[in-house]
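Shown next, in structure tokens, is the structure this report addresses.
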Amino acid sequence: MAAYQVINDDITKLKVDAIVNAANNSLLGGGGVDGAIHRAAGKELLEACLLLDGCQTGDAKVTPGFLIPAKYIVHTVGPVWSGGQRNEEILLADCYRRSLEIACALKCNSIAFPNISTGVYGFPKFKAARVALDAVNLYFKKSKNYTIQEVYFVCFDDINFQIYKDMLSKI
Ligand code: ADP
Numbered sequence: 002m003a004a005y006q007v008i009n010d011d012i013t014k015l016k017v018d019a020i021v022n023a024a025n026n027s028l029l030g031g032g033g034v035d036g037a038i039h040r041a042a043g044k045e046l047l048e049a050c051l052l053l054d055g056c057q058t059g060d061a062k063v064t065p066g067f068l069i070p071a072k073y074i075v076h077t078v079g080p081v082w083s084g085g086q087r088n089e090e091i092l093l094a095d096c097y098r099r100s101l102e103i104a105c106a107l108k109c110n111s112i113a114f115p116n117i118s119t120g121v122y123g124f125p126k127f128k129a130a131r132v133a134l135d136a137v138n139l140y141f142k143k144s145k146n147y148t149i150q151e152v153y154f155v156c157f158d159d160i161n162f163q164i165y166k167d168m169l170s171k172i
């Protein structure tokens with residue numbers, strides 16, 4: 002089982018093997034954490050993303066980190082919350098699982114997740130944290146040869162930070 006840590010930080014600054022971007026289907030940049038990552042990684046990131054041909058919701062694709070300290074950026078597309086009847090929880094869990102699969106295929110030791118879908122995409126924060134933790138736990142339970150030993154849950158806003166601290170103190 003990997004070690005989990007909750008931190009209140011800017012994900013673009015972290016020296017980990019892979020950071021995860023909460024991107025949109027075009028993978029061509031946006032606001033929030035996506036905008037911050039594109040600004041920090043530089044214009045080569047956009048050039049690399051242009052070659053990826055977008056990404057389905059719940060799936061993930063990878064690029065190098067370019068100007069940020071992380072080696073890789075795993076771009077995943079979370080669901081837009083629309084009341085909970087459109088597979089939002091399954092799709093959000095898929096984002097975490099696919100990101101871990103990709104990071105392990107690249108032999109990453111550490112990965113940092115933002116709170117996917119809880120910004121502009123409106124996913125309720127408590128529910129999203131529960132889905133995230135369950136999906137990551139399930140991945141480590143089911144996967145036989147994972148390389149990830151450290152998972153950082155990067156909480157940029159105080160509400161998410163508190164939710165994750167509470168949840169992780171109970172496991
Ligand atoms: P989404 O469209 O998936 O909701 P957002 O970027 O709007 O994505 O928000 C996802 C989460 O990322 C939010 O909790 C937001 O506070 C957080 N966030 C924004 N900027 C950063 C950053 N630089 N580092 C880490 N998390 C960030």
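For the sequence shown, the residue numbers in our numbering are 2 to 172. Cβ coordinates follow ideal geometry from the N, Cα and C atoms, glycine included. The structure presented is a predicted model; accordingly, all values stated were derived computationally and were not measured.
Might you give, ordered along the chain, the residues of its own chain that have their beta carbon closer than 7 Å to the beta carbon of residue i, omitting 5 neighbours on each side?
| i | result |
| --- | --- |
| T13 | A37, I38, A41 and I69 |
| R98 | A136 and Y140 |
Looking only at its own chain, which residues have a Cβ that is under 8 Å from the Cβ of residue i, when we skip the five neighbours before and after it?
| i | result |
| --- | --- |
| N25 | G31, D35 and V78 |
| Q57 | N26 and V78 |
With a threshold of 8 Å (Cβ to nearest heavy atom), would residue i be considered close to the ligand ADP?
| i | result |
| --- | --- |
| T58 | no |
| G43 | no |
| Y165 | no |
| C109 | no |
| F154 | no |
| F141 | no |
Quick check: residue i and residue j, are their CB atoms within less than 9 Å of each other?
| i | j | result |
| --- | --- | --- |
| Q6 | F154 | yes |
| K101 | Y140 | Reading off the sequence shown, one finds Leu at residue 101, where the question assumed Lys. Cβ distance < 9 Å, so L101 and Y140 count as in contact. |
| E151 | V21 | no |
| N161 | N88 | no |
What separation, rounded to the nearest whole angstrom, lies between the Cα atoms of residue i and residue j?
| i | j | result |
| --- | --- | --- |
| E48 | G66 | 12 Å |
Leaving aside the five residues before and after residue i along the sequence, list all residues of the same chain whose C-beta is less than 6 Å from its C-beta, in chain order.
| i | result |
| --- | --- |
| G62 | According to the sequence as given, residue 62 is Lys; it is not Gly. Cβ within range, chain order: L53, C56 and H76. |
Please check the pair residue i and residue j, which I expect to be a contact at CB under 8 Å, by giving their CB distance rounded to whole angstroms.
| i | j | result |
| --- | --- | --- |
| S111 | L93 | In fact, because the Cβ distance is near 22 Å, the residues do not count as touching under 8 Å. |
| C109 | T148 | 6 Å |
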